[in-house]
Amino acid sequence: MKLPARFVIIGADAAGMSAASEARRCAPDLEIVAFDRNGFASYSQCGLPYLIGGLVEDHNRLIARTVGEFAQRGIVVRLGHDVTAIDANRRVVRVRELESGAETEHAYNCLLIATGASPLRPLVPGLDLAGVFHLDVLEDAIAMQDYLREHRPRRAVIVGGGYIGLEMAENLVRLGLQVRLVQRSQQLFPSVDVEIAASLDGELKRHGVDLSLCDSVLEACEGKGGRVADVHTSRGEVPADLVILATGVRPNVEVARTAGVDCGSTGAIAVDDHLRTNVPDIFAAGDCAEHWRRILGRPTWLPLGTTANKQGRIAGRNAAGGEERFAGIVGTAVTRVFDLKVGRTGLSEREAAEAGLACVATSLDSTDHAGYLPDAQSLTVKLVAEQATGRLLGGQAVGRGGVAKRIDVLATALYTGLTVEDLTRLDLAYAPPFNSVWDPVQAAATDLLRRA
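This is how it looks when you write it as structure tokens:
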């Protein structure tokens, strides 16, 4: 009797469990086993700041599907199991059960590496003190909630002004903490250009956040009970009984290297358009893998949950015998800082210049719908285009309303390769409560054509 093929997955979150679910749909008899060193599977990492801030009342609401629900579909998920090595010649993975320390080997016919990314830890003394947190996995958020309840900190320092740093600033202020945000560079949210990011500074200050740019943490200092009491930055001493480290992430590629899997120039695992690695029958997807950037025509690394889920689904289908290609990304993201929303897609003006592309750009101040209505909100749209061809390269938006709508229009335009002139011809929805006769994207496109 021929045994069914065995699909082993390393990592039981976005990419890994999307792959497991898709593989099950495509191959009902496929044996599927996922290992993860942590204690939860298939949950929304992006919801963690809002869990801490109380907008999400229970961490279980972040879990998309439980281990038991996966088991009902014939997908085995083993939490608290760390895959320590891959023997590609024998087609086995070595697994350590974290609670007992027992090590076992498990055979595979096909393997997916979906190990995600881990926070970068600054080389600064004192970061092992109680009250210093990363926000990476669900256990981190639960531990932070416990710490907040038990010790009731009053003053927080957030290190880093990217997605997590900005979202945590909002949520800690919601909890009543005094917040200082320390950013090493001269602007927040470096995914956008400086004039778009400038609006964020004012919004943070309007809500009482003490913003310190061109600053860095040098040391965290101990107070009572081994807990952090203050931090030393390049600008002086700051009282802090809670510290959040939001200084970026790196791809988890260590176990991949044990199998001889190649990494690309970005440091993430190199994959082809089917998400295959250089080692036969080993796939990679999600934050540990590179992502094809359509605009530049080369691999990049932009770890986002949307991309992880898409790559996971394709890897799962292909592991089950399919032949689907990953079409790549344009680099679309959006976030909220209190009442202000900011989004980007494609290349920023700075990124275009770094890629050697001669570009033109414009920023246009407008409103999210007809300005004569009393609830109209401010909206700024920036467009970046290739100078010689008029090809749209990227767009950004910041405002109190209508940001995601415009970013999604621009992302679609980038995906299909539209020019700036094409944007002016789009048939977009209009009624005064929803838009102006000329959408701000089209008004910006018209302005850019006049400047080019």
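Take 2 as the starting number for the sequence shown in the working numbering and just add one per residue. Built from N, CA and C at the ideal position, the CB exists for glycine as well.
Cβ-based neighbour list, residue i, same chain, cut-off 6 Å, excluding 5 preceding and 5 following
{"i": "residue 257", "result": "114 and 270"}
{"i": "residue 224", "result": "230"}
{"i": "residue 282", "result": "111"}
{"i": "residue 131", "result": "227 and 228"}
{"i": "residue 2", "result": "Residue placement at residue 2 cannot be trusted, given a pLDDT of 37 that sits under 50; the coordinates are not used to answer."}
{"i": "residue 1", "result": "In the structure as shown, the chain begins at 2 and stops at 453. Residue 1 is therefore absent and cannot be evaluated."}
{"i": "residue 128", "result": "221"}
{"i": "residue 97", "result": "83, 85 and 104"}
{"i": "residue 136", "result": "49 and 165"}
{"i": "residue 402", "result": "369 and 378"}
Distance, residue j Cα to residue i Cα
{"i": "residue 108", "j": "residue 70", "result": "24 Å"}
{"i": "residue 388", "j": "residue 265", "result": "30 Å"}
{"i": "residue 349", "j": "residue 30", "result": "46 Å"}
{"i": "residue 239", "j": "residue 214", "result": "14 Å"}
{"i": "residue 346", "j": "residue 382", "result": "12 Å"}
{"i": "residue 21", "j": "residue 33", "result": "7 Å"}
{"i": "residue 100", "j": "residue 85", "result": "15 Å"}
{"i": "residue 396", "j": "residue 408", "result": "7 Å"}
{"i": "residue 425", "j": "residue 447", "result": "7 Å"}
{"i": "residue 62", "j": "residue 189", "result": "30 Å"}
{"i": "residue 241", "j": "residue 141", "result": "19 Å"}
{"i": "residue 74", "j": "residue 432", "result": "46 Å"}
{"i": "residue 437", "j": "residue 331", "result": "27 Å"}
{"i": "residue 273", "j": "residue 90", "result": "21 Å"}
{"i": "residue 134", "j": "residue 262", "result": "32 Å"}
Collapsed DSSP secondary structure at residue i in the structure displayed
{"i": "residue 331", "result": "coil"}
{"i": "residue 8", "result": "strand"}
{"i": "residue 231", "result": "strand"}
{"i": "residue 152", "result": "helix"}
{"i": "residue 443", "result": "helix"}
{"i": "residue 431", "result": "coil"}
{"i": "residue 400", "result": "strand"}
{"i": "residue 97", "result": "strand"}
{"i": "residue 409", "result": "helix"}
{"i": "residue 266", "result": "coil"}
{"i": "residue 187", "result": "coil"}
{"i": "residue 19", "result": "helix"}
{"i": "residue 50", "result": "helix"}
{"i": "residue 316", "result": "helix"}
{"i": "residue 250", "result": "strand"}
{"i": "residue 111", "result": "strand"}
{"i": "residue 324", "result": "coil"}
{"i": "residue 353", "result": "helix"}
{"i": "residue 71", "result": "helix"}
Residue i and residue j closer than 9 Å at C-beta
{"i": "residue 369", "j": "residue 377", "result": "yes"}
{"i": "residue 18", "j": "residue 6", "result": "no"}
{"i": "residue 233", "j": "residue 220", "result": "yes"}
{"i": "residue 72", "j": "residue 43", "result": "no"}
{"i": "residue 268", "j": "residue 302", "result": "yes"}
{"i": "residue 293", "j": "residue 328", "result": "yes"}
{"i": "residue 244", "j": "residue 158", "result": "yes"}
{"i": "residue 78", "j": "residue 13", "result": "yes"}
{"i": "residue 60", "j": "residue 143", "result": "yes"}
{"i": "residue 175", "j": "residue 211", "result": "no"}
{"i": "residue 427", "j": "residue 362", "result": "no"}
{"i": "residue 150", "j": "residue 83", "result": "no"}
{"i": "residue 253", "j": "residue 117", "result": "yes"}
{"i": "residue 179", "j": "residue 153", "result": "no"}
Closer than 8 Å: residue i CB and nearest the ligand COA heavy atom
{"i": "residue 100", "result": "Looking at this structure, you won't find the ligand COA or any other ligand, since it has none at all."}
Identity of the residue in the options nearest residue i by Cα
{"i": "residue 51", "options": "404, 439, 167 and 426", "result": "167"}
{"i": "residue 1", "options": "364, 182, 334 and 191", "result": "Past the boundaries of the shown model lies residue 1; the chain is included only from 2 to 453, so the question cannot be answered."}
{"i": "residue 139", "options": "302, 46 and 446", "result": "46"}
{"i": "residue 187", "options": "363, 161 and 165", "result": "161"}
{"i": "residue 87", "options": "185, 152 and 284", "result": "284"}
{"i": "residue 380", "options": "398, 363 and 246", "result": "398"}
{"i": "residue 416", "options": "429, 151 and 393", "result": "393"}
{"i": "residue 342", "options": "94, 203, 40 and 92", "result": "203"}
{"i": "residue 124", "options": "246, 146 and 93", "result": "246"}
{"i": "residue 24", "options": "37, 76 and 296", "result": "76"}
{"i": "residue 418", "options": "323, 402, 298 and 117", "result": "298"}
{"i": "residue 145", "options": "126, 173 and 119", "result": "173"}
{"i": "residue 8", "options": "81, 317 and 206", "result": "317"}
Cβ-based neighbour list, residue i, same chain, cut-off 8 Å, excluding 5 preceding and 5 following
{"i": "residue 121", "result": "248, 249, 250 and 251"}
{"i": "residue 171", "result": "50, 54, 208, 337, 338 and 339"}
{"i": "residue 216", "result": "183, 184, 185, 234, 235 and 236"}
{"i": "residue 319", "result": "275, 276, 277, 284 and 325"}
{"i": "residue 439", "result": "447"}
Chain-order list of residues whose beta-carbon lies under 7 Å from that of residue i (same chain, five-residue window excluded)
{"i": "residue 15", "result": "287, 306, 309, 310 and 313"}
{"i": "residue 48", "result": "57 and 63"}
{"i": "residue 434", "result": "370 and 374"}
{"i": "residue 444", "result": "365 and 367"}
{"i": "residue 193", "result": "343, 345, 349 and 397"}
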